[in-house]
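To start, the structure under review is shown below, and the notes come after it.
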Amino acid sequence: MSTSLDRRVALRDPTARLERMMEIREFEGRVKDLFFEGVVSGTTHLCEGQEAVSVGLAATLRPTDHVTCTYRGHGVALALGCEPSAVLGEIMGRTVGLVGGVGGSMHLSERAVGLMPTFAIVGGGIPVAVGAGLSCQVLGGDDVAVAVFGDGATNIGAFHESLNLAAVWKLPVVFVVENNLYGEYSPIASTTAVTDLAVRAGSYAMPAETVDGQVVDDVAAAVRRAVERARGGDGPTLLEMKTYRYSGHSRADTGPYRPDGELEAWQGRDPIALYADALVAAGTVTAGEVDALRSAVTERIDEVVAEVRQAPEPDPSAMFGHIHA
Amino acid sequence: MTKLRMNQAVSAALADAMREDPAVVVIGEDVAVPGGVFKATDGLLAEFGVGRVRDTPISEMGFLGAAVGAAATGLRPVVEIMFGEFLGVALDQLVTEAAKLRYLSAGQYGVPLTVRASVGAGLGFGAQHSQCLETWFYATPGLKVAVASGPQTAYGLLRAAVRDDDPVVVLEPRRLYGGRAEVVTGDDGIIALGSAEVRTAGDDVTLVALGGTVPVAQEAADGAGWGAEVVDLRTLVPWDVATVLDSVRRTGRLVVVEEGPFSGGWGTEIAARVASELFGELRAPVHRVTSPDVPVPYAKPLETRYVPTVEYVREQVGELIETGRTPRPWWSREGAHR
Ligand SMILES: Cc1ncc(C[n+]2csc(CCOP(=O)(O)OP(=O)(O)O)c2C)c(N)n1
Ligand SMILES: [Mg+2]
Chain C
4 MSTSLDRRVA LRDPTARLER MMEIREFEGR VKDLFFEGVV SGTTHLCEGQ
54 EAVSVGLAAT LRPTDHVTCT YRGHGVALAL GCEPSAVLGE IMGRTVGLVG
104 GVGGSMHLSE RAVGLMPTFA IVGGGIPVAV GAGLSCQVLG GDDVAVAVFG
154 DGATNIGAFH ESLNLAAVWK LPVVFVVENN LYGEYSPIAS TTAVTDLAVR
204 AGSYAMPAET VDGQVVDDVA AAVRRAVERA RGGDGPTLLE MKTYRYSGHS
254 RADTGPYRPD GELEAWQGRD PIALYADALV AAGTVTAGEV DALRSAVTER
304 IDEVVAEVRQ APEPDPSAMF GHIHA
Chain D
20 MTKLRMNQAV SAALADAMRE DPAVVVIGED VAVPGGVFKA TDGLLAEFGV
70 GRVRDTPISE MGFLGAAVGA AATGLRPVVE IMFGEFLGVA LDQLVTEAAK
120 LRYLSAGQYG VPLTVRASVG AGLGFGAQHS QCLETWFYAT PGLKVAVASG
170 PQTAYGLLRA AVRDDDPVVV LEPRRLYGGR AEVVTGDDGI IALGSAEVRT
220 AGDDVTLVAL GGTVPVAQEA ADGAGWGAEV VDLRTLVPWD VATVLDSVRR
270 TGRLVVVEEG PFSGGWGTEI AARVASELFG ELRAPVHRVT SPDVPVPYAK
320 PLETRYVPTV EYVREQVGEL IETGRTPRPW WSREGAHR
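Heads up: the sequence lines are chains C and D, in that order.
Its first residue numbered 4, the first sequence is counted upward by one per residue in this note's numbering.
Its first residue numbered 20, the second sequence is counted upward by one per residue in this note's numbering.
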């Protein structure tokens, strides 16, 4: 049986990157269905449309690097290598979940792939990544820390304090902002004084890049440059990924606040389609192989859903675990 | 009287407060155009405009702090904090600034600020979006704390909070937003801060509940073989000592029903006071029915168990009355707790 680590290492291969993006897309579609079916309780924040950011990032990091991420974390977890059954198990509150079902959709974690418990408080994970960077610096070695968060999170104090702290301490941290143009129901222009969030690094004398977040290899290349700086002792970088979430913010939200045609325009630059086309053009795969890949992913996720539906729910005693060491 | 859901009762209270006083402004994330994530500020933008109903960036410290300053200088802001937990990033402004401004200015500056926040478990939102959090505020002199238990209290306590000249935290149990009931609006619907409500009469026990546990305690009492006075505390700071003491004097037994960890819960304050004042008059030890000392778990069967249920309250109260001794909580009976 393959492990989470194998799934992670596989991403060096372009076809595996394509497949993983397809897996995330398929997975999120199922989570949505299961939510409406009532077997996923609470809330979900899907990342359909943002798959290239998750996969480009994971393709570049080592399992010993540390990642903090948000409630919109299914894609990052799957990209980093977490097994789909463990991620879905957590979302459905089953014992097979990443943390046994006590966390839920917003709280995914697997240390073997470097995923710290995802944060449901906006901005919560940003200073924690700075601290992980401090560990890397003080303990030696050249591991790095990565904080993944949304555009809306750049308006919270923790973002600014964290960038400054990482800059003055020259920590090996990469700040990755997924600029999907909305924070909940608010368009970025109504809440944020700048449109290009990369400029915010300027206040902290920190290098930054604006990246096309729909192109997985562009994401990977930008992350590689930032990670190399960090590993080399040259300090933090802010990467702004321009991307878009196809679904609404959470749960039943369909995004009625979005202007007509915006979603369709972004779907015209779909990260999976773009990459499939690029790989076909380069002769890496054939169109037929792309279709076969998609069917295989669908089949696998079908199996995962069937498996997790059968998985047991935790016993009440499970809530008492892991409160103290 | 109109039948309103609790979130509609909140909107109605805000609208009435804004009509009454042009200094009242509403500030929060997605409160204006979308009318609030819980639809508790619906319709305000249309009636009062962007000047008085403001959407904010995700900057709780910034906009709550701004509300403190605005309150101190002429406005009467009502801030919505979508989930109580988000107060964590703004706590300084509330407990260390707002709560002390009057004291530190020798009364020259008051802070007529209302902070509304949703609280509580039951909706599957996980450990960071399901806590009750009264205890973050109740030991801070300078703050007042009220907790809604349904549409009427949501309306009445909020109206009183907005009129109050000091900072008031009004907590709204999020699983109750959808519940409907008749609501008296206008001046008659206002509920003075510091007044509890005795909801039912009964001889055997006083059940003191707050917010989300009020309907639970009520239902537990309704079908039970014993008679209870169910007291909705409604305000935690200041709390209605006289009403609670009167009731327990009549019944001889006190059970506080709390959602939240056993250790350090608000009920410790009630229990200690009653035990001390009514020493010698009690027929049973004061008792607290609470959640266990754990973060709120996600999986449905766990979350359901976490919040005191009707059956659990009934069982605990029944045993207390029958044996005269403190019943052990479910987690210690089942050996789940180390
Ligand atoms: C401190 C805090 N405030 C508010 C929220 C509620 N909330 C959850 S997600 C969200 C929007 C975040 O937008 P963004 O950072 O752009 O990330 P996205 O959801 O678009 O990925 C808000 C306001 C929260 N979880 N934490
Ligand atoms: Mg966003």
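All residues carry an ideal CB built from backbone N, CA and C; glycine is no exception.
None of these values were measured; they are calculated from a predicted model.
Rounded to whole angstroms, what is the Cα-Cα separation between Val164(D) and Val138(D)? Their Cα atoms are separated by approximately 13 Å.
Could you pull out every unbroken alpha helix (DSSP H) segment of at least 4 residues lying fully inside the segment 179–227 of chain C, listed in chain order? Segments of the alpha helix (DSSP H) lying fully in the segment 179–227 of chain C: 191–194.
Asp222(D), buried or exposed, once every other Cβ within 10 Å from all chains shown has been counted against 16: Exposed.
Taking the beta strand (DSSP E) that Leu255(D) belongs to, which residues open and close that run? 254–256 is the span of the beta strand (DSSP E), which, as asked, contains Leu255(D).
For the alpha helix (DSSP H) containing Gly241(D), name the first residue and the last one. This sequence places Asp at residue 241(D); Gly is not what is there. Segment 232–241, the alpha helix (DSSP H) holding Asp241(D).
Please list, in chain order, the chain D residues whose beta carbon lies closer than 8 Å to that of His110(C). The answer, in chain order, is Gly145, Ala146, Gln147, Tyr317.
CB contact below 7 Å: Arg16(D) versus chain C: Only positions 20 to 357 of chain D appear in this structure, which leaves residue 16(D) out of reach.
Interface residues of chain C around Leu321(D) at Cβ under 9 Å? Per Cβ cutoff of 9 Å: Gly96, Gly104, Val105, Glu316, Pro317, Asp318, Pro319, Ala321, Met322.
Once the 5 residues before and after Phe323(C) are set aside, which same chain residues still bring their CB inside 7 Å of it? Apart from the 5 residues on each side of it in sequence, Phe323(C) has no Cβ closer than 7 Å to any other Cβ in its chain.
Would you identify the three-state DSSP class for Val275(D), choosing helix, strand or coil? Val275(D): strand per DSSP, three-state reduction.
Under 9 Å Cβ-Cβ, which residues of chain D neighbour Ala132(C)? Those within 9 Å of Ala132(C) in chain D number zero; the least Cβ separation is about 16 Å.
Comparing the C-beta of Val313(D) with each C-beta of chain C, is any distance below 7 Å? At least one chain C Cβ lies under 7 Å of Val313(D).
Between the segment 65–83 of chain D and chain C, which residues of the former have CB atoms less than 8 Å from a CB of the latter, in chain order? Contact annotation: in the segment 65–83 of chain D, residues whose CB is within less than 8 Å of a CB in chain C are Asp74, Thr75, Pro76, Ile77, Ser78, Glu79, Met80, Gly81.
Report the residues of the segment 132–163 of chain C with a CB closer than 8 Å to any CB of chain D, ordered along the chain. Considering only beta carbons, the part of the segment 132–163 of chain C lying closer than 8 Å to chain D consists of Gly155, Ala156, Asn158, Ile159, Gly160, Ala161, in chain order.
Does the beta-carbon of Pro120(C) have 16 or more other beta-carbons within 10 angstroms, so that it is buried, or is it exposed? Here Pro120(C) is buried, its C-beta having at least 16 other C-beta atoms within 10 Å.
Note down, in chain order, all residues in the segment 104–138 of chain D with a beta-carbon under 8 Å from any beta-carbon belonging to chain C. Here the close residues are Glu104, Phe105, Gly107, Val108.
Is Ser351(D) helix, strand or coil by DSSP? Ser351(D): helix per DSSP, three-state reduction.
Is Asp49(D) near ligand 2, in the sense that its beta carbon is under 6 Å from a heavy atom of that ligand? Every heavy atom of ligand 2 is 6 Å or more from the Cβ of Asp49(D), so no.
Minimum Cβ-Cβ distance from Pro53(D) to chain C less than 7 Å: The Cβ of Pro53(D) sits closer than 7 Å to at least one Cβ of chain C.
What are the uninterrupted segments assigned as alpha helix (DSSP H) that are 4 or more residues long and contained completely in the segment 40–124 of chain D, given in chain order? At a cut-off of 4 residues, the continuous stretches assigned as alpha helix (DSSP H) that sit fully inside the segment 40–124 of chain D are 63–67, 79–91, 120–123.
Can we count Ala156(C) as close to ligand 1, meaning its CB is less than 6 Å from some heavy atom? The answer is yes for Ala156(C).
Beta-carbon proximity check, Trp285(D) vs Glu153(D), cutoff 7 Å: Taking C-beta atoms as the reference points, Trp285(D) and Glu153(D) count as a pair closer than 7 Å.
Please go through the same chain and pick out, in chain order, the residues whose beta-carbon is closer than 7 Å to the beta-carbon of Val43(D), but skip the five residues on each side of it. Contacts found: Ala36, Met37, Arg95, Val97, Val181.
In terms of residue numbering, what span does the beta strand (DSSP E) encompassing His163(C) cover? No beta strand (DSSP E) contains His163(C), which is instead part of the alpha helix (DSSP H) from 160–171.
Bridge partner(s) assigned by DSSP for Glu288(D): Beta-bridge pairing by DSSP links Glu288(D) to no other residue.
Please state whether the Cβ-Cβ distance between Ala220(D) and Val329(D) is less than 7 Å. No, they are not a contact pair.
In the DSSP assignment, the alpha helix (DSSP H) including Ala309(C) goes from what residue to what residue? Element bounds for Ala309(C): 290–313.
Can you find the residues in the same chain that come closer than 8 Å, C-beta to C-beta, to Thr198(C), ignoring five residues on each side of it along the sequence? In its chain, beyond the 5 residues on either side, Ile191, Ala192 have a beta carbon closer than 8 Å to the beta carbon of Thr198(C).
Quick check: what's the CA-CA separation for Leu166(C) versus Tyr207(C)? Answer to the nearest angstrom: the Cα atoms are 7 Å apart.
Show which residues of chain C have a CB atom less than 8 Å away from the CB atom of Val49(D). The residue you asked about is not Val; residue 49(D) is Asp in the sequence shown. By Cβ distance, chain C contributes Glu187, Tyr188, Ser189.
Val315(D) and Tyr358(D) - do their beta-carbons sit closer together than 7 Å? Residue 358(D) falls outside the range modelled here, since chain D spans only 20 to 357, and no answer is possible.
Examine ligand 2 and report whether any of its heavy atoms sits within less than 6 Å of the Cβ of Gly153(C). With a cut-off of 6 Å, the C-beta of Gly153(C) is classified as near ligand 2, since at least one heavy atom of the ligand falls inside that distance.
Supposed close pair Ala82(C), Val58(C) - CB separation, criterion 8 Å: That belief holds up - the Cβ atoms of Ala82(C) and Val58(C) are roughly 5 Å apart, short of 8 Å.
Look at the alpha carbon of Ile100(D) and the alpha carbon of Ser30(D), and state the distance between them as a whole number of angstroms. Straight through space, the alpha carbons of Ser30(D) and Ile100(D) are spaced by roughly 15 Å.
What did DSSP end up calling Asp237(C) once you bin it into helix, strand or coil? DSSP places Asp237(C) in the coil class of the three-state scheme, outside both helix and strand.
Would you say Ala233(C) reaches chain D, if we count a Cβ-Cβ gap shorter than 7 Å as a contact? No - not a single Cβ of chain D is within 7 Å of the one on Ala233(C).
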